[in-house]
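Take a look at the structure set out below.
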Amino acid sequence: MLVRADGSSLGTVGGGKMEADVADLARVEGGRPRLVHFSLTNADAMADGLLCGGEATFLIEPLTPDTAAAMRALCAAAGSDAAALEAVRLDGDFTGQRLVLAGSSDSTGAGTLGSADLDAAVASLAAEALEDDLCEVR
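Going by the numbering used here, the first residue of the sequence shown is number 8, and it counts up by one from there.
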């Protein structure tokens, strides 16, 4: 979900209070990328007009030149029907750093995970996943 500075948004994360809270957190200026976890009981969900409760974790981050470059690389891959993979770090000060790989195993996309060795390891795993048509969280 993209949340603009004026509060308008594009896309959804499910609606209700959880979506409103995510949108509020996304509008915090100068915010750093962070993970935010929500847990809704079925009663809470029904009160918001949702069908059920549950848990969700979101990466909330500002749109920066680096994240914009990654989004452009993903959009280019989608526009060409090329396979693409995005790896995003979710640990401490590195949260939000990303690497986008698209197309063949020897092609590159955009970004870095903060280390050439880590980028190479992820590129190797990505080549396997793209070749075998796998999708998973590691």
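Built from N, CA and C at the ideal position, the CB exists for glycine as well.
Is the distance from the Cβ of E68 to the Cβ of R39 below 9 Å? Here residue 68 corresponds to residue number 61 of the sequence shown, with the count starting at 1. Here residue 39 corresponds to residue number 32 of the sequence shown, with the count starting at 1. Yes, the pair counts as a contact, with Cβ atoms nearer than the cut-off.
Less than 9 Å separating the beta-carbons of G25 and A63? On the sequence shown, position 18 is the one that residue 25 refers to. On the sequence shown, position 56 is the one that residue 63 refers to. A small fix is needed here, since residue 25 is Met in this sequence, not Gly. It is a contact, given that the beta carbons lie within the stated cut-off.
For S112, which residues from the same chain have a beta carbon less than 6 Å from its beta carbon, with the 5 sequence-adjacent residues on both sides left out? Within the sequence shown, numbered from 1, the residue matching residue 112 stands at position 105. Because the pLDDT of S112 is 48, which lies under 50, any placement of that residue in the model is unreliable, and the question is left without a value.
What do you reckon, are the CB atoms on A91 and L120 nearer than 9 Å? Translated into positions along the sequence shown, residue 91 becomes position 84. Translated into positions along the sequence shown, residue 120 becomes position 113. With respect to the 9 Å criterion, A91 and L120 are not classified as neighbours on the basis of their beta carbons.
Under 8 Å by Cβ, that's how I've got G23 and A52 pegged, so tell me the actual separation to the nearest angstrom. The residue you call residue 23 lines up with position 16 of the sequence shown. The residue you call residue 52 lines up with position 45 of the sequence shown. That pair is a contact at about 7 Å.
Inter-residue Cα distance where the pair is A30 and T71: The residue given as residue 30 occupies position 23 in the sequence shown. The residue given as residue 71 occupies position 64 in the sequence shown. One C-alpha to the other measures close to 17 Å.
Extent of the continuous alpha helix (DSSP H) run through E138: As a first step, residue 138 is located in the sequence shown; it is residue number 131 there, counting from the start. Here the alpha helix (DSSP H) through E138 covers 123 to 139.
Compare the Cα-Cα distances from F101 to each of L137, R41, A27 and report the closest residue. Start at 1 with the first residue of the sequence shown, and residue 101 comes out as number 94. Closest option to F101, Cα to Cα, is R41.
Judging by CA-CA distance, which residue of A54, G99, L47, L106 is the nearest neighbour of G61? Walking along the sequence shown from the start, residue 61 turns up at place 54. For the residues A54, G99, L47, L106, the minimum Cα distance to G61 belongs to L47.
Is A109 closer than 9 Å to G116 when the C-beta atoms are compared? One-based indexing of the sequence shown puts residue 116 at position 109. One-based indexing of the sequence shown puts residue 109 at position 102. Yes, Cβ-Cβ distance for G116 and A109 is below 9 Å.
Measure the alpha-carbon distance for N49 versus G21 and round it to whole angstroms. Start at 1 with the first residue of the sequence shown, and residue 49 comes out as number 42. Start at 1 with the first residue of the sequence shown, and residue 21 comes out as number 14. In a straight line, the C-alpha of N49 is about 14 Å away from that of G21.
Would V107 pass as a contact of A84 if the rule is Cβ separation under 9 Å? Taking the first residue of the sequence shown as 1, we reach residue 107 at position 100. Taking the first residue of the sequence shown as 1, we reach residue 84 at position 77. In this structure, A84 lies closer than 9 Å to V107 by Cβ.
Secondary structure at R5, three-state DSSP: helix, strand or coil? The chain is shown only over 8 to 145; residue 5 falls outside these bounds and no answer can be derived.
Given a cut-off of 9 Å, decide if A77 and A105 are closer than it, judged by their beta-carbon atoms. Stepping through the sequence shown from its first residue, residue 105 is reached at position 98. Stepping through the sequence shown from its first residue, residue 77 is reached at position 70. Residue identity check: residue 105 is Arg in the sequence provided, not Ala. Contact flag set, yes.
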